[in-house]
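Okay, so the sequence shown: first residue is 1 according to UniProt numbering, each after it adds one.
The beta carbon of each residue, even a glycine, is placed where N, CA and C say it ideally should be.
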Amino acid sequence: MAYHFKFKKVLTVKEREKDEALDMYNQSVKRFEETANELYSLMKKKEDLETYQSERLVVGLPVLEIRHHQHFVHNLEKSIDHFQKVVINARNQMSYYQERLMEKNTEVKKFEIMKEKSELAFLTEMKQAEGKQMDDISIQQFMNREN
């Protein structure tokens, strides 16, 4: 008699849900990394521009060029503010999917533990039945010798 776990279909569904949650988490991590890299590049660009402008101010810089740089820095700051919000949103989303993944993982673990316990109970029952059957055979052989 082969072992059959009574919650096998439920375990399969839970494992599929866990895989989907893992996929969503990985996508959110990727989105977070992309937006964080974009934010970093904008901040680096702003820093480089400010360094360049301060170096040029020492030598002398026309007013028009100063205005141009200030306008460009202002636009970069707007972009940085926007990407900071996007990064915060992506981080929150990543945390949410991480929590969901942990929940799904826990659910799968519970069913796996149930399966292990059920399997151990089945094996114990089979050994007991086998032992009883062996005892019955031994008794029958002993009785046949007597006759």
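{"Asked": "Could you tell me the alpha carbon to alpha carbon distance between Asp81 and Glu38, rounded to whole angstroms?", "Found": "12 angstroms"}
{"Asked": "Which residue from Arg145, Phe122 and Met43 puts its Cα closest to that of Ser76?", "Found": "Checking the sequence shown, residue 76 turns out to be Leu, not Ser. Of Arg145, Phe122 and Met43, the residue nearest in Cα terms is Met43."}
{"Asked": "As a quick exercise: from Phe7, Val59, Gln93 and Lys46, pick the residue whose alpha carbon is nearest that of Gln27.", "Found": "Gln93"}
{"Asked": "Using only the alpha-carbon positions, how far apart do Leu64 and Arg56 sit?", "Found": "13 angstroms"}
{"Asked": "Taking Ala21 and Tyr97 to be in contact with their CB atoms under 8 angstroms, please state how far apart those CB atoms are, rounded to whole angstroms.", "Found": "7 angstroms"}
{"Asked": "Using the rule of at least 16 other Cβ atoms within 10 Å of the residue's Cβ for burial, across every protein chain shown, is Val87 buried or exposed?", "Found": "buried"}
{"Asked": "Check Tyr3 in the structure and name its three-state DSSP category.", "Found": "coil"}
{"Asked": "Of all the options Ser118, Phe111, His69 and Thr51, which has the alpha carbon lying nearest to the alpha carbon of His4?", "Found": "Ser118"}
{"Asked": "Since Lys46 and Val29 should fall inside the 8 angstroms C-beta cutoff, what is the C-beta to C-beta distance between them, to a whole number of angstroms?", "Found": "Not confirmed; about 26 angstroms, so no contact."}
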